[in-house]
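The numbering used here numbers the first residue of the sequence shown as 1303 and each following residue consecutively. Some notes on the structure that comes next.
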Amino acid sequence: MSRTTPFSLGTFSIAGARPFAGLVVEGRVIALEGAADLLRRWNLVLTGADSVLALLEDWERNFPVLQRIADALTAGEAPELARASVPVESLTVHAPVHLPRQIFCSGANYKKHVVQIIVAQSTEETKHMSREERLAYGTRKMEERAASGTPFFFVKPQSTVIGPFDPIELPADSTQPDWELELGVIIGRRARRVSRAEALDYVAGYVVVNDITLRERVMRRPGDAREMGMDWVASKGAPTFLPMGPWLVPAPFVGDPQRLQITLKLNGEVMQDESTADMVFDVARLIEALSQHCVLLPGDLICTGSPAGNGVHYGRFLKPGDVVEGSITGLLGTQRNLCIAERR
């Protein structure tokens, strides 16, 4: 009888040694480079077992091989691999894709999130409006954008990526460091000008990401070329500003990416708790739109936007000593990052 064992992928290290790609099954990790002998006996080849990024380079051929390993482990067909597996807790966990080739982010992609920002932050257009008028205005704008608008994207530096349990370093001169928990999409094959109907076929899997943002730096200062608009490097580009993981969960084990619950806790208190159904543009539409502008490559990360419940809504921003926890249903595991003052 055939079986399909869910598994995830991660990047790990032990005692400061070189990070390695690992297959995670039922809380235990198999170093994929160590599976070579077993695969040879099965006449199977795993391409790029030394890193998750390398595995993604040939994802269509590698995924069935990874599935075969996971199935063999749970069926008791690979006792030598089972003996070589170690508990996740015994390893240092890094960002699962270490590092993504390109990082794209979708801005203002959750209806309630954008409405909350419109209500909380005045602009020339809304400064004379009451709270209720801003709420109605924002809701109308989101309905119009969903019906006839197009996704908005920006890029984030590779150097922002950290592991799921690493500290977030807050710059000393920042005043409004904010959280933005998001569903991350990992691309599994080259994509250029793909249609919405086929877009999800290009997804290898999903990760949890937190797009840390210096809210006070998003807009250019008055008089400082304000017509240039938003400054994404200044507001989102600092080191440690993209915790990722703990795992890369392959797309077949996640199901519909528009039916996932995103939850962020700050010091144990729930701040974000929203469904991906609130996206203005769904994952398939984002991939379609982005692939019209550029080439998506295996190992690329697309951050799909953050739901309502950011610090700007509460008037509460991150400070040293805060603990941020993030999880998404179906993605297994929880990020847990301590906020600290930036280390020089």
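Even glycine gets a Cβ: it sits at the ideal position worked out from N, Cα and C. For clarity, every value in this text was computed on a predicted model and none was experimentally measured.
Cα-Cα separation between residue i and residue j, rounded to whole angstroms
{"i": "W1534", "j": "S1408", "result": "12 Å"}
{"i": "L1654", "j": "D1503", "result": "Since the first residue shown for the chain is 1303 and the last is 1646, residue 1654 is missing from the structure and cannot be characterised."}
{"i": "I1654", "j": "L1640", "result": "Examination of residue 1654 is not possible in this model, given that the chain is present from 1303 through 1646 alone."}
{"i": "V1626", "j": "F1456", "result": "24 Å"}
{"i": "L1346", "j": "L1599", "result": "25 Å"}
{"i": "A1536", "j": "D1373", "result": "46 Å"}
{"i": "M1431", "j": "A1643", "result": "37 Å"}
{"i": "I1489", "j": "L1592", "result": "12 Å"}
{"i": "F1314", "j": "F1543", "result": "20 Å"}
{"i": "H1400", "j": "P1321", "result": "9 Å"}
{"i": "H1595", "j": "R1587", "result": "13 Å"}
Closest Cα partner of residue i within the set the options
{"i": "G1632", "options": "G1611, R1561, C1596, F1619", "result": "R1561"}
{"i": "L1620", "options": "P1453, G1318, Q1478, D1575", "result": "Q1478"}
{"i": "S1577", "options": "L1568, S1593, P1559", "result": "P1559"}
{"i": "G1539", "options": "A1553, N1512, V1551", "result": "N1512"}
{"i": "F1309", "options": "L1544, P1473, Y1508", "result": "Y1508"}
{"i": "H1396", "options": "L1550, G1531, S1629, V1487", "result": "L1550"}
{"i": "L1368", "options": "R1495, T1452, A1506, V1487", "result": "A1506"}
{"i": "P1554", "options": "P1366, F1322, F1406", "result": "P1366"}
{"i": "R1436", "options": "V1417, P1453, A1449", "result": "V1417"}
{"i": "P1402", "options": "V1614, P1453, I1604", "result": "I1604"}
{"i": "R1343", "options": "A1377, R1370, L1355", "result": "R1370"}
{"i": "R1498", "options": "A1438, E1590, L1341", "result": "E1590"}
Residue i (DSSP reduced to helix, strand or coil)
{"i": "T1306", "result": "coil"}
{"i": "M1573", "result": "strand"}
{"i": "V1582", "result": "coil"}
{"i": "F1365", "result": "helix"}
{"i": "H1615", "result": "helix"}
Beta bridge counterpart(s) of residue i as assigned by DSSP
{"i": "R1587", "result": "DSSP, once it has assigned bridges, lists no residue as partnering R1587."}
{"i": "A1387", "result": "It is Ser, not Ala, that sits at residue 1387 in the sequence shown. The partner list for S1387 (beta bridge, DSSP) is empty, contrary to what the question assumes."}
{"i": "E1627", "result": "K1567, R1638"}
{"i": "P1545", "result": "I1464"}
{"i": "M1521", "result": "M1532"}
Supposed contact pair residue j and residue i - C-beta distance, whole angstroms, cut 8 Å
{"i": "Q1637", "j": "P1466", "result": "4 Å"}
{"i": "K1414", "j": "A1579", "result": "Not really, about 11 Å apart at Cβ, beyond 8 Å."}
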